[in-house]
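Undergrad:
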Amino acid sequence: MKIKLILLVALFISVATFSQKKWTLKECVNEALRKNISIQQNRLSLELAKKDVEIAKGNFLPNLNANTGGNLNFGTGFDPVSQNRINTTFFGGSVNVSSGITVFNGFRNTNTFKQAQLGVESGLLDLKKIENDISLFVVNGYLNILFAKENLNVAEVQYRISKTQIEAAQSRFNSGVIPKGDLLNTQSTAATNLQSVIEQENSLDLALLNLAQLLQVNVAGFDISPINVGAPSADLFYKNSTSVYDKSLQTMPEIARAKLAIENAALGIEITKSSFLPTVTASVGLSTNYGFSLKLPDGFSNTPIIDQFNDNFGYGLGFNVSIPIFNRFQTKNRVAQSVINKEIFETRLESEKLSLKQTIEQSFLDVKTALKSYEAATISLEAQNEAFKNAQERYNFGAMTQFDFDQVRTRLVNAEGTLIRSKYDYVFKTKVLQFYSGDLVLE
């Protein structure tokens, strides 16, 4: 009984500990990268690319083949002893071993091997691109939770204020200072604030659900660690979009991937050109054969198989040179196609650069706009705070109606929500710029 109780307590503690775990941003990103299906598929594709390298490497090695076969023949044949035709049964067979190697094929094997290596590098870059996208999704989801938590905190504060005002309004109504309509308005405002709390709780639950699904973890008990995003400052972003773009050309995997595609296309040209050149192969072979007559005249016997192997053993060396002379302009046109294909990939690189530059320029403008919005929201909130303090004093002294006071408080709540929204909007857009420049650090 004691053992069962101890196990039950240990299980309860472990479950409670798990439910109290708060995920850091870095842990969230790592978990998403570990479980994402697209990443797993790309890793398998990368393994395929590595096998292509091994296959291409094998083209430099000689092959080795062995074969054997036998025949059983029935019918009449010439007997060299009696000089007569006799009915006989004969079994014969052979054993052959051969090997061949490509001596020269216009460097096709060499360039194919280089292409396979580029395939592995391209696979790594594709994987990096997906990891970058998922990391940004996680960062956005993480900030959405923090954003929802701050909104919920504001809503709860407003609801607590409303509950306090109900008590004050009830006391003033009992004293005959305010009419019953003002008391009802205060109760209505509190109900509205409670509804806002519920809505913000739902928003937080949805934000937690979205991130938990992205991480593929159970949403029950899921929570994140708070981080200090700080107050937005103009010092956080870069001097101009050009500096970010210059860094991104060295860090973004899509740019490196486009450059590798050009290298791959250049190797494709060389591989196609190899068809203009002769192909030289060499071979070596070993062979022997044996035979048995199953109906020999009396006094005669078959030669032992070992002796037959030795007596019939032979070997040979050979080489072959294939020189292309005319193939209906097929090679010439394929080379032209390869050249055009390389030019296509060159234009794709320029397109990737242009797209990246436009994205960074837009992101830089978004950061500047978000900062201005935050600064304006800060000024607005300061003004609304002063207005609320003044309104609260007037309301407490009976110089302001409940309706007018609620209007002032509503503007304060809206200003707080706007500030929170503009802050996290700025933080995320700054993270995007840091991502493109390669300066994003996940904590």
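If you count by the numbering used here, then the sequence shown holds residues 1215 to 1657, one letter each, in order. Note that the Cβ used here is the ideal one computed from N, Cα and C, for glycine as well. Predicted, not measured: the structure shown is a model, and the values here were computed from it.
Would the beta-carbon of residue 1478 fall within 8 Å of that of residue 1332?
TA: Numbered from its first residue, the sequence shown carries residue 1478 at position 264. Numbered from its first residue, the sequence shown carries residue 1332 at position 118. Contact: yes.
Undergrad: Closer than 7 Å by C-beta to residue 1271: which residues in its own chain qualify, once you throw out the five before and the five after it? Chain order, please.
TA: For the purposes of this step, residue 1271 is taken as the residue at position 57 of the sequence shown. Around residue 1271: 1327.
Undergrad: Taking the straight line between their C-alpha atoms, what separation do you get for residue 1496 and residue 1276?
TA: Within the sequence shown, the letter at position 282 stands for residue 1496. Within the sequence shown, the letter at position 62 stands for residue 1276. Going from the Cα of residue 1496 to the Cα of residue 1276 covers about 9 Å.
Undergrad: Just verifying my parser: in three-state terms, what is the DSSP assignment at residue 1459?
TA: If you number the sequence shown from 1, residue 1459 lands on position 245. Looking at residue 1459 - three-state DSSP - the assignment turns out to be helix.
Undergrad: Please report how far the alpha carbon of residue 1249 lies from the alpha carbon of residue 1488, in whole angstroms.
TA: Mapped onto the sequence shown, residue 1249 falls at position 35. Mapped onto the sequence shown, residue 1488 falls at position 274. Rounded to whole angstroms, residue 1249 to residue 1488 spans 44 Å at the Cα level.
Undergrad: Report yes or no: do three or more beta-carbon pairs, one from the stretch 1536-1555 and one from the stretch 1457-1467, lie closer than 8 Å?
TA: Flag = no, the stretch 1536-1555 and the stretch 1457-1467 do not touch.
Undergrad: Nearest-angstrom Cα distance between residue 1538 and residue 1485?
TA: For the purposes of this step, residue 1538 is taken as the residue at position 324 of the sequence shown. For the purposes of this step, residue 1485 is taken as the residue at position 271 of the sequence shown. Roughly 15 Å between the two C-alpha positions.
Undergrad: State the DSSP-derived secondary structure class of residue 1654, mapped to helix, strand or coil.
TA: Translated into the one-based positions of the sequence shown, residue 1654 becomes position 440. Three-state result, residue 1654: coil.
Undergrad: Shorter than 7 Å, the distance from the beta carbon of residue 1272 to the closest heavy atom of the ligand ATP, or not?
TA: With respect to the ligand ATP, the structure shown offers nothing to examine, as it has no ligands at all.
Undergrad: Can you grab the Cα-Cα spacing for the pair residue 1592 / residue 1637, in whole Å?
TA: The residue labelled residue 1592 in the question sits at position 378 within the sequence shown. The residue labelled residue 1637 in the question sits at position 423 within the sequence shown. Looking at the two C-alpha atoms, the distance is approximately 10 Å.
Undergrad: Is it a yes or a no for the stretch 1357-1369 touching the stretch 1403-1423, going by three-plus beta-carbon pairs under 8 Å?
TA: Yes: the two stretches touch, three or more of their Cβ pairs being nearer than 8 Å.
Undergrad: Just verifying my parser: in three-state terms, what is the DSSP assignment at residue 1615?
TA: Your numbering for residue 1615 matches position 401 in the sequence shown. Of the three classes helix, strand and coil, the one that applies to residue 1615 here is coil, per DSSP.
Undergrad: If we ignore side chains and look at the alpha-carbon of each, how far apart do residue 1319 and residue 1491 end up?
TA: Here residue 1319 refers to the residue found at position 105 when the sequence shown is read from its first residue. Here residue 1491 refers to the residue found at position 277 when the sequence shown is read from its first residue. Straight-line Cα distance between these residues: approximately 7 Å.
Undergrad: Pull up the DSSP beta-bridge partners for residue 1284, would you.
TA: Walking along the sequence shown from the start, residue 1284 turns up at place 70. DSSP lists 1307 as partners of residue 1284.
Undergrad: Pick from 1610, 1619, 1583 and 1575: whose alpha carbon is nearest that of residue 1647?
TA: The residue you call residue 1647 lines up with position 433 of the sequence shown. Measuring from the Cα of residue 1647, the nearest candidate turns out to be 1575.
Undergrad: Can you check which of these residues, 1303, 1311, 1283 and 1284, is closest to residue 1499 by C-alpha distance?
TA: One-based indexing of the sequence shown puts residue 1499 at position 285. That would be 1311, whose Cα lies nearest to the Cα of residue 1499.
Undergrad: Where DSSP assigns a beta bridge to residue 1438, which residues make up the other side?
TA: On the sequence shown, residue 1438 is found 224 positions in, with the first residue counted as 1. Answer is 1237.
Undergrad: Less than 6 Å between C-beta atoms, sequence neighbours within five positions excluded: which residues of the same chain meet that for residue 1467?
TA: One-based indexing of the sequence shown puts residue 1467 at position 253. Cβ within range, chain order: 1339, 1342 and 1343.
Undergrad: Are the stretch 1615-1622 and the stretch 1393-1406 touching, with three or more C-beta to C-beta distances below 8 Å?
TA: Yes, since at least three Cβ pairs between the stretch 1615-1622 and the stretch 1393-1406 fall closer than 8 Å, the two stretches touch.
Undergrad: Helix, strand or coil for residue 1221? Go by DSSP, reduced to three states.
TA: For the purposes of this step, residue 1221 is taken as residue 7 along the sequence shown, with counting starting at 1. Note that residue 1221 scores 38 on pLDDT, short of 50, meaning its location in the model is unreliable; the coordinates nonetheless yield the value given after this. Three-state result, residue 1221: helix.
Undergrad: Between 1314, 1305, 1259 and 1301, which has its C-alpha nearest residue 1278's C-alpha?
TA: Locating residue 1278 in the sequence shown gives position 64, counting from the first residue. Answer by Cα proximity: 1314.
Undergrad: Between which two residues does the beta strand (DSSP E) harbouring residue 1501 extend?
TA: The residue you call residue 1501 lines up with position 287 of the sequence shown. Per DSSP, residue 1501 belongs to the beta strand (DSSP E) from 1493-1507.
Undergrad: With DSSP as the reference, label residue 1452 as helix, strand or coil.
TA: As a working note, residue 1452 is residue 238 in the sequence shown. In this structure, residue 1452 counts as coil in the three-state DSSP scheme.
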